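See structure below.
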Amino acid sequence: AQSVTQLGSHVSVSEGALVLLRCNYSSSVPPYLFWYVQYPNQGLQLLLKYTTGATLVKGINGFEAEFKKSETSFHLTKPSAHMSDAAEYFCAVSLSMDTGRRALTFGSGTRLQVQP
Amino acid sequence: DGGITQSPKYLFRKEGQNVTLSCEQNLNHDAMYWYRQDPGQGLRLIYYSQIVNDFQKGDIAEGYSVSREKKESFPLTVTSAQKNPTAFYLCASRVGFAGELFFGEGSRLTVL
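Structure (structure tokens):
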């Protein structure tokens, strides 16, 4: 069964500092990986996704993530945090060969705080 | 603009009452999903449907029911059998085998 672990339920950074949100996955087959962002009382918005090809994926709002198969990781980074980045971030996995329910499995989320 | 519309945004229910949450999409997606979100637990899958007139239970289906009579619509009923229904409910749809989920704005249900 696939699973996702997000290390750190809360992360606090200063404005302008590096953002690093950690995600590790468990999957028996090559995974598809996703990062979503959620603002209070809203739905989830896709930041970026990895399916095949280049392992460094660039997304919206200056975020990027790197798929590392040997480490089973898909960490999210942004070189310089902005106040508007304060939100909750979710990592999700979907099996590439899933012919069953084709649903995403989500991590428990990381709340990012940005200090002025 | 294409998207997913959930209604109502906020809903209050007395114990013992059934409530139905609406989810409509105009993205022409075949697959639709319902997730429940609780603080610190991420999103948990309730039900999903890959095609009209067919749906499957997710990880926490007890106390919930769905229907899929039209491609565009996937309503969720929270029944009185659901012991802890207060939560944020998210509807989503998906295109293709490797596609991402598109989410609605969510419905917050509070049991009084």
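So the sequences go chain by chain: A and B. Okay, so the first sequence: first residue is 61 according to my numbering, each after it adds one. Okay, so the second sequence: first residue is 55 according to my numbering, each after it adds one. Don't be surprised by glycine CBs; every beta carbon is placed ideally from N, CA and C. Just so it is clear, the structure is predicted and the values come from calculations on it, not from any experiment.
Mind listing, in chain order, the continuous alpha helix (DSSP H) runs of no fewer than 4 residues lying wholly within the region 81 to 153 of chain A?
You should have found no qualifying run.
Count the other C-beta atoms from every protein chain shown that fall within 10 angstroms of the C-beta of Pro100 of chain A, then say buried if there are 16 or more, exposed otherwise.
Exposed, because fewer than 16 other Cβ atoms sit within 10 Å of the Cβ of Pro100 of chain A.
I'd like to know whether the C-beta atoms of Leu155 of chain B and Cys77 of chain B end up nearer to each other than 8 Å.
No, these two residues do not count as a Cβ contact at 8 Å.
Does Gln95 of chain B come within less than 8 Å of chain A when only Cβ atoms are used?
Answer yes: the Cβ-Cβ gap between Gln95 of chain B and chain A drops below 8 Å somewhere.
Counting only beta-carbon atoms, is Leu65 of chain B nearer than 8 Å to chain A?
Leu65 of chain B does not count as touching chain A.
Determine whether the Cβ of Gln173 of chain A lies closer than 8 Å to any Cβ atom of chain B.
Taking Cβ atoms only, chain B never reaches closer than 8 Å to Gln173 of chain A, which makes this a no.
Between which residues of its own chain and Leu65 of chain B is the CB-CB distance below 8 Å, once the five residues before and five after are set aside?
So the list reads Val73, Leu75, Ser161, Arg162, Leu163 and Thr164, once near-sequence residues are dropped.
Report the partner residues of Arg90 of chain B according to the DSSP bridge assignment.
According to DSSP, which records beta bridges pairwise, Arg90 of chain B is partnered with B:Arg98 and B:Tyr143.
Tell me, please, whether the CB atom of Leu99 of chain B is closer than 8 Å to any CB atom in chain A?
Answer yes: the Cβ-Cβ gap between Leu99 of chain B and chain A drops below 8 Å somewhere.
By DSSP, does His70 of chain A sit in helix, in strand, or in coil?
Strand at His70 of chain A.
Please report the distance separating the alpha-carbon of Thr137 of chain A from that of Leu78 of chain A.
Each residue's Cα considered, the two are about 7 Å apart.
Can we say the region 139 to 149 of chain B touches the region 76 to 96 of chain A, given the rule of at least three CB pairs closer than 8 Å?
Judged by Cβ distances under 8 Å, the region 139 to 149 of chain B makes no contact with the region 76 to 96 of chain A, as fewer than three pairs qualify.
Beta carbons nearer than 9 Å to chain A: which residues of the region 69 to 87 of chain B have them?
Residues Ala85 and Tyr87.
Relative to the alpha-carbon of Val97 of chain A, which residue among B:Arg90, B:Val132, B:Trp88 and B:Gly96 has its alpha-carbon at the smallest distance?
Checking every option, the nearest Cα to that of Val97 of chain A belongs to B:Gly96.
Excluding sequence positions up to five away, which residues of its chain have a Cβ less than 6 Å from the Cβ of Pro176 of chain A?
The residues are Glu75.
Around the C-beta of Glu123 of chain B, are 16 or more other C-beta atoms found within 10 angstroms, so that it is buried, or is it exposed?
Looking at its Cβ environment, which holds fewer than 16 other Cβ atoms inside 10 Å, Glu123 of chain B is exposed.
Can you round the beta-carbon distance between Leu81 of chain A and Val71 of chain A to whole angstroms, since I take them to be within the 8 Å contact cut?
6 Å between Cβ atoms; contact.
Taking C-beta pairs closer than 7 Å, name the residues in chain B that Lys129 of chain A reaches, listed in chain order.
Within 7 Å Cβ-Cβ: nothing; Lys129 of chain A doesn't reach chain B, min ~17 Å.
Any idea if Ser140 of chain A is buried or exposed, counting beta-carbon neighbours within 10 angstroms, 16 or more meaning buried?
Exposed, by the Cβ-count rule.
At the level of alpha carbons, what is the spacing between Gln136 of chain B and Pro93 of chain B?
The alpha-carbon atoms of Gln136 of chain B and Pro93 of chain B are separated by roughly 18 Å.
What do you reckon, are the CB atoms on Ala115 of chain B and Ile105 of chain B nearer than 8 Å?
Their beta carbons are not under 8 Å apart, which means Ala115 of chain B does not touch Ile105 of chain B by this criterion.
Hey, would you say Glu126 of chain A sits closer than 8 Å to His135 of chain A, going by beta carbons?
It is a contact, given that the beta carbons lie within the stated cut-off.
How many whole angstroms separate the CB atoms of Gln66 of chain A and Ser168 of chain A, which I take to be in contact at a CB cut-off of 8 Å?
The pair is a contact, with the Cβ atoms about 6 Å apart (cut-off 8 Å).
What are the residues of the region 81 to 111 of chain A that lie near chain B, defined by any Cβ-Cβ distance shorter than 9 Å?
Listed by position, the residues of the region 81 to 111 of chain A near chain B (Cβ gap below 9 Å) are Tyr92, Phe94, Tyr96, Gln98, Asn101, Gln102, Gly103, Leu104, Gln105, Leu106, Lys109 and Thr111.
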